[in-house]
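Contents: one structure, followed by commentary.
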Amino acid sequence: MSKEITSRNEDYSQWYNDLVLKGGLADYSAVRGCMVIKPYGYALWENMRDVLDKMFKDTGHVNAYFPLFIPKSLFEAEEKNAEGFAKECAIVTHYRLKTDTENKGKLIVDPEAKLEEELIVRPTSEAIIWNTYKDWIQSYRDLPLLINQWANVVRWEMRTRLFLRTAEFLWQEGHTAHATKQEAMEETEKMLNVYADFVENYMAVPVIKGIKSANERFAGADETYCIEAMMQDGKALQAGTSHFLGQNFAKAFNVQFMNKENKLEYVWATSWGVSTRLIGALIMAHSDDNGLVLPPKIAPLQVVIVPIYKGEESKKTVDEKALEIVGNLKSKGIRVKYDNSDNSRPGWKFAEYELKGVPVRMALGLRDIENNVVEIARRDTKEKISVSIDKSVETVESLLIEIQNNIFEKALKFRADNTYTTDSYEEFKQLLDKGGFILAHWDGTPETEEAIKEDTKATIRCIPLDGKIEPGICIYSGKPSSQRVIFARAY
RNA sequence: CGGGAUGUAGCGUAGCCCGGUUAUCGCGCCUGGUUUGGGACCAGGAGGUCGCAAGUUCGAAUCUUGCCAUCCCGACCA
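Residue 34 is where the first sequence starts when you use our numbering, and the numbers rise one by one after that.
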């Protein structure tokens, strides 16, 4: 039967789950909190990864790989960071199993194989990386050190959600070392801009660049920058972070370099990351009740061609013409699939590829070939047009660009329509229930943020970088404030 | 980790309260045929550790206990 998708109005969470599962992006696994990323979902991640990887390399970074396991003593070296992650670490305590003599065919942990020092499965890699950098950095000539790694990390979350929060996830983490504070701060902002560029121009998700409040700051960072996106239910989702780590890790791991004046100095550090969580952002930003809506630039398939035929003879004719179009599209670098499988009919295929969010669908039948036209349907607006086959490639090319722009504009408009400004705490609470971003004054204290969070479940998503300096009074405490910050309920 | 719910073929399900032949139905799958412009139809067929493990019983999908996984709500969360 048809793959029914729960509507957004009916149950937003279920709608999201339906898209992930029925859209073929991921599956639950036999492991609590861990998911299987299926080929279609992984293809999406590969496209995202490839674009980001190029952006990192274009900004001077290189890739490396560090161990999955971190000795506990290293992990705890930077205290704040260790504390921040302590509650969600998986720990390796033994290295061997043995046959259970009491219970044939079962294995038990060999108590004699206890590790002298426990290994932490990385929730992030600062510790192991800075412990390594210590040996790599001696002189200012070794700096800057600009390294990225693509890896998996584990955070033992209480409650998990496909892509948005899983116990294991894939990400990239950049870790850089610099000779000066200024340079490290510039790097932090540079990578934030790279993320914003990627998320807006490839994923078509508008973001707000900002700084995290102390409560939301990365443990071990002096300053955390972020990009925040709005989902269709009005909730905020952090799409990427970039941290200025100061000299915290340099001091914890004793990473010093000789400067030009022959004096030892601690290096300045940054780290930055985005994860498979971005896929969750993508889904919730654009998709609709018919399924996924993927931005052409990173969609695994940009075009699908569905043939319509009657009998073997006409199938041949249609195949021939369709493959010619496929060739033309491919020569333009367009990711296209010709689905002439005989186990489902055209209508089924239409619905299936809509569910999968393929940006453009072409339908080609005998009637079209006679008239030298092809039907082209776009996923975002579901509009259909009939164009001359000779012009089909250029039509598709421009359509892909148009779809990319349209879904970005649509998301931008949605965000604008759901962003409010208020100076009244009562109105603030009412607006929160509608969902969306609220620009309000805040006195800058963690206590006030905490109190508002207790009261409303909303947190400060960020202090926007492009925010106007505008004196006002804190919405909660009435104390003076110099700038509005963004409040929202968040994922 | 607390509260609630769920788990029967690839998917969706009936049966469970009140234990008793060969576990129901639909979709999907396989074979053959007719079909194909928005989720086709006919005929035949295959497919099951009833989430897992103990227990109660002559007998367990059904009753009991434990465990595992998922969903929702909370707590937690960079």
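Quick reminder that beta carbons are idealized off the backbone N, C-alpha and C, glycines included. As the structure is a computational prediction, the values presented were derived from the model and not from experiment.
With DSSP collapsed to three states, give me the class of residue i.
i: Leu327; result: coil
i: Gly243; result: strand
i: Met88; result: helix
i: Trp475; result: coil
i: Leu140; result: strand
i: Leu432; result: helix
i: Glu503; result: strand
i: Lys512; result: coil
i: Ser425; result: helix
i: Val64; result: coil
i: Ile38; result: coil
i: His94; result: coil
i: Ala525; result: Look at the range of the chain in this structure, 34 to 524, and you will see that residue 525 is not part of it.
i: Glu43; result: coil
i: Arg412; result: coil
i: Lys113; result: helix
i: Tyr342; result: coil
i: Lys490; result: coil
i: Tyr49; result: helix
i: Thr398; result: Contrary to the premise, residue 398 reads as Gly rather than Thr in this sequence. Gly398 falls in the strand class under three-state DSSP.
i: Phe520; result: strand
i: Leu278; result: strand
i: Tyr371; result: strand
i: Val351; result: helix
i: Glu256; result: strand
i: Ile70; result: strand
i: Arg378; result: coil
i: Val391; result: coil
Could you say which of the options lies nearest to residue i if we only look at CA atoms?
i: Gln265; options: Tyr299, Phe447 and Glu459; result: Phe447
i: Met395; options: Lys424, Asn376 and Asp375; result: Lys424
i: Glu30; options: Asp499, Asp175 and Tyr73; result: Nothing can be reported for residue 30: it is not among the residues displayed for the chain, which extend from 34 to 524.
i: Lys214; options: Glu435, Gln280 and Ala318; result: Gln280
i: Phe102; options: Met81, Asp86 and Thr126; result: Thr126
i: Leu466; options: Glu435, Tyr453 and His474; result: Rather than Leu, the amino acid found at residue 466 in this sequence is Asp. Ranking the options by Cα distance to Asp466, first place goes to Tyr453.
i: Ile440; options: His276, Tyr61 and Arg412; result: Arg412
i: Tyr45; options: Tyr509, Asp488, Ser515 and Gly468; result: Gly468
i: Phe286; options: Ala119, Glu159 and Val84; result: Glu159
i: Arg129; options: Asp352, Phe118, Lys120 and Glu145; result: Glu145
i: Cys259; options: Gln516, Ile506, Lys512 and Asp499; result: Asp499
i: Ala229; options: Glu220, Pro239 and Thr221; result: Pro239
i: Ala212; options: Val288, Ala59, Val232 and Thr39; result: Val288
i: Lys120; options: Val154, Ala97, Thr134 and Pro100; result: Val154
i: Trp479; options: Thr492, Leu472, Phe470 and His208; result: Looking at the sequence itself, residue 479 is Pro, so the reference to Trp does not match. Of the candidates Thr492, Leu472, Phe470 and His208, the one whose C-alpha sits nearest the C-alpha of Pro479 is Thr492.
i: Ile485; options: Thr257, Lys462, Trp305 and Asn80; result: Lys462
i: Asn234; options: Ile506, Asn361 and Leu85; result: Leu85
i: Lys512; options: Asp456, Ile471, Gly324 and Asn114; result: Asp456
i: Ile434; options: Leu179, Leu54, Glu256 and Leu327; result: Leu327
i: Lys113; options: Ala355, Lys490, Asn405 and Ala254; result: Ala254
i: Pro497; options: Ala97, Leu225, Lys71 and Lys87; result: Leu225
So who's on the other strand from residue i, going by DSSP bridges?
i: Ile153; result: Ile103 and Ile124
i: Phe290; result: Glu298
i: Lys147; result: His127
i: Leu270; result: Ala262
i: Asn185; result: Leu203
i: His208; result: Ile180 and Ser304
i: Gly452; result: Note that residue 452 is Thr in the sequence shown, not Gly. Phe470, per the DSSP bridge assignment.
Can you tell me the Cβ-Cβ gap for residue i and residue j, rounded? I've got them flagged as a contact below 8 Å.
i: Cys67; j: Glu206; result: With a Cβ gap of about 19 Å, Cys67 and Glu206 do not count as contacting.
i: Ala210; j: Tyr166; result: 6 Å
i: Ala27; j: Ala521; result: Residue 27 falls outside the range modelled here, since the chain spans only 34 to 524, and no answer is possible.
i: Pro379; j: Val339; result: 5 Å
i: Gln335; j: Ile367; result: 5 Å
i: Ile508; j: His474; result: 6 Å
i: Asn181; j: His94; result: 5 Å
i: Tyr49; j: Met317; result: 6 Å
Counting Cβ pairs, one atom from each stretch, are 3 or more of them under 8 Å apart for the stretch 344 to 363 and the stretch 101 to 109?
Here the stretch 344 to 363 does not lie against the stretch 101 to 109, with fewer than 3 beta-carbon pairs under 8 Å apart.
At least 3 beta-carbon pairs within less than 8 Å: the stretch 245 to 252 vs the stretch 425 to 441
The answer is no - the stretch 425 to 441 does not touch the stretch 245 to 252, with fewer than three Cβ pairs under 8 Å.
Counting pairs of Cβ atoms below 8 Å between the stretch 308 to 325 and the stretch 211 to 225, do you hit three or more?
Verdict: no, contact absent.
With contact counted as at least three CB pairs below 8 Å, one residue from each stretch, are the stretch 188 to 208 and the stretch 129 to 147 in contact?
As far as the Cβ criterion goes, the stretch 188 to 208 does not touch the stretch 129 to 147, which means the pair count is below three.
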